[in-house]
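Enquirer:
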Amino acid sequence: MTDIRYMAPTTLEEAIGAFAAAGSAGRILAGGTDLLVQMRSGMVKPGLIIDIKKIAEMTEIAETADGGFRIGAAVSGAELAEHPRFKKLWPGVLEAVNLIGSKQVQGRASAGGNLCNASPAGDSVPAMIAAGAIVTVQGPNGRRELAVETVPAGPGRTNLAAGEILISFILPPRPGCSGDAYLRMIPRTEMDIAVVGCGVSLTLKNGICTAARVGLGAVAPTPLLVEAAAKALIGSTLDVTALEAAANACRAACRPIDDKRGTIAYRTKIAGVLLKRTATIAAKRAQGN
Amino acid sequence: MPKLHVTTTINGEPMEFLCEPDNTMLDALRNQLGLTGSKEGCATGDCGACSITVDGRLVCSCLMLAAEAEGHEIGTIEGMAQGERLHPLQQKFLEQAALQCGICTSGMLVAADALLKKNPNPGEEEVRFWLAGNLCRCTGYDKIVRAVLEAAAEMREARP
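Protein sequences, first through last, are from chains A and B.
According to my numbering, the stretch in the first sequence is residues 6 to 294, in order.
According to my numbering, the stretch in the second sequence is residues 667 to 826, in order.
1) Measure from the C-beta of B:PRO826 to each C-beta in chain A and report whether the shortest distance is under 8 Å.
2) Please work out which residues of its chain come closer than 6 Å, Cβ to Cβ, to B:ILE676, disregarding the five sequence neighbours upstream and downstream, and give them in chain order.
3) Of the choices A:ASP71, A:CYS121, A:MET48 and A:VAL224, whose alpha-carbon is the least far from that of A:ILE172?
4) Between which two residues does the beta strand (DSSP E) harbouring B:VAL672 extend?
5) Nearest CA to the CA of A:ASN146: which residue from A:GLY168, A:ILE66, A:VAL130 and A:SER129?
6) Out of B:LYS669, B:LEU782 and B:LEU695, which one is the CA nearest neighbour of B:ALA819?
7) Give a yes or no on whether the minimum CB-CB distance between B:ARG812 and chain A is below 8 Å.
8) Give me the chain B residues within the contact set of A:THR141, using Cβ-Cβ distance strictly less than 9 Å, ordered along the chain.
9) Measuring straight from C-alpha to C-alpha, what distance separates B:ALA813 and B:GLU750?
10) Can you list, in chain order, the stretches of the alpha helix (DSSP H) that have 4 or more residues and sit fully within the region 30-110 of chain A?
11) Using a Cβ-Cβ cut-off of 6 Å (strictly less than) and excluding sequence neighbours within five positions of B:GLY678, which residues of its own chain qualify?
12) Any idea which residues DSSP pairs B:MET681 with across the strands?
13) Quick check on A:SER107 - is its C-beta less than 8 Å from some C-beta in chain B?
14) Any beta carbon from chain B within less than 8 Å of A:VAL102's own beta carbon?
15) Among the candidates A:GLY28, A:MET196 and A:LYS93, whose CA atom is the shortest distance from the CA of A:LYS50?
16) Only counting runs of 4 or more residues, tell me where the alpha helix (DSSP H) segments fall wholly within the region 204-282 of chain A, in order along the chain.
17) Enumerate, from N- to C-terminal direction, the unbroken alpha helix (DSSP H) stretches of 4 or more residues contained entirely within the region 118-188 of chain A.
18) Within this structure, are the beta carbons of A:THR158 and A:PRO131 separated by less than 8 Å?
19) Could you say which of B:LEU760, B:PRO754, B:GLY799 and B:GLN762 lies nearest to B:PRO786 if we only look at CA atoms?
20) Relative to the C-alpha of A:ILE54, which residue among A:ASP263, A:ILE33, A:THR163 and A:ALA166 is closest?
21) Do you know how far the Cα of A:ILE139 is from the Cα of A:THR38?
22) Ignore the nearest five residues each way along the sequence and tell me which others in B:LEU801's own chain have a CB closer than 6 Å to its CB.
23) A:THR16 to A:ARG193, Cα distance in whole Å?
24) A:ALA287 and A:VAL205 - do their beta-carbons sit closer together than 8 Å?
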């Protein structure tokens, strides 16, 4: 016998009530690809597991009236990939989400879980930051929205208040000639954790970059929004000088650690390299839209 | 907490079982339901030996709670052969010696089957990428990839 309880509520209110009542013993289960591993290793011992996948809002992909997307926090990578229009508008977000683990992991793992697990190297987060995603969270004190880059607080920690649950990501409407991309560097060809991850989203008008956002992962305690890099791209034709300036801004933003996957010097250098490659891909996609 | 009662469908058959809240789907398949084709390799979602499908999507049954099966359609290796008739993938794995110790094999087959249902004509790179979540310590993968490609070709020819 175990003293763990499991529930799969069908309403958000029920989930929030149970999660608040459980206090620190409560754990939210979306795809479970982090939670079950953490439970098995003894890292976490939840008293109550709240499976949110029976709540419609958590598992829906909806196109909003203004042309944006609302993605439920528990939508799996495989489900997002199956959506007929998402890939065309947000290929960078999709490629980032689809880099989380194997095809098997893709069948369960969600962008919501990736964000709340708060690994500095989570692949979907820099792409969501670049996309300008807003997240909706709800807790005992009501619902609020916050910019995705303000959610991670440090390795394994978020800025969600006690009892708050991540509900969905909102991606803004996409102007014409916009494109996004995500690249990561890993020491192996597949199935590894990012040494650096870089997301870029930009809009072009007559060959000039009119809007840009840059997200960097695995180079600081949290994924970063690099505003200085975006500023270097905006107003340029994405020429060599502008790309080099943006790459410099990315290198300057890095505060990485040394570990078995990469050194501080390597991560910092690669952050600049990836910015240039990712921005180039995003620009190519923008021209095609 | 009393045991949870789960109603699900496994390989097309309605199924009910009891489980503890922290039992994985792999535990339930192997211990409660006697479906021991799915193997436990790593139990952390890295090796793919426990691969099953849930509503047609490939997942590691070690990374899923048994209680999560409620109301869903589960597919396991036991549903692959039609009675005594092996699935073309199974047949090709035998012909191509695409297995040695066999621990990874059911996971490889379930994963390859999920790929061919999605894309009946994958290239070698796509097969290798798709099977990257299935580890094999014996074959070096080449024979497995070849068997999948040949089974795919045979299945395309056999289609009316």
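For glycine and all other residues, C-beta sits at the position ideal for the given N, C-alpha and C.
Expert: Put simply:
1) no
2) ILE740
3) A:CYS121
4) 670-676
5) A:GLY168
6) B:LEU782
7) no
8) What A:THR141 touches in chain B: nothing, since even the nearest Cβ is about 24 Å away.
9) 20 Å
10) 40-45, 61-64, 82-87, 91-94 and 96-102
11) none
12) B:THR674
13) yes
14) no
15) A:GLY28
16) 232-238 and 245-258
17) 129-136
18) First, the residue type needs correcting, since residue 158 of chain A is Ala and not Thr in the sequence shown. No, these two residues do not count as a Cβ contact at 8 Å.
19) B:PRO754
20) A:ILE33
21) 24 Å
22) CYS713
23) 42 Å
24) yes
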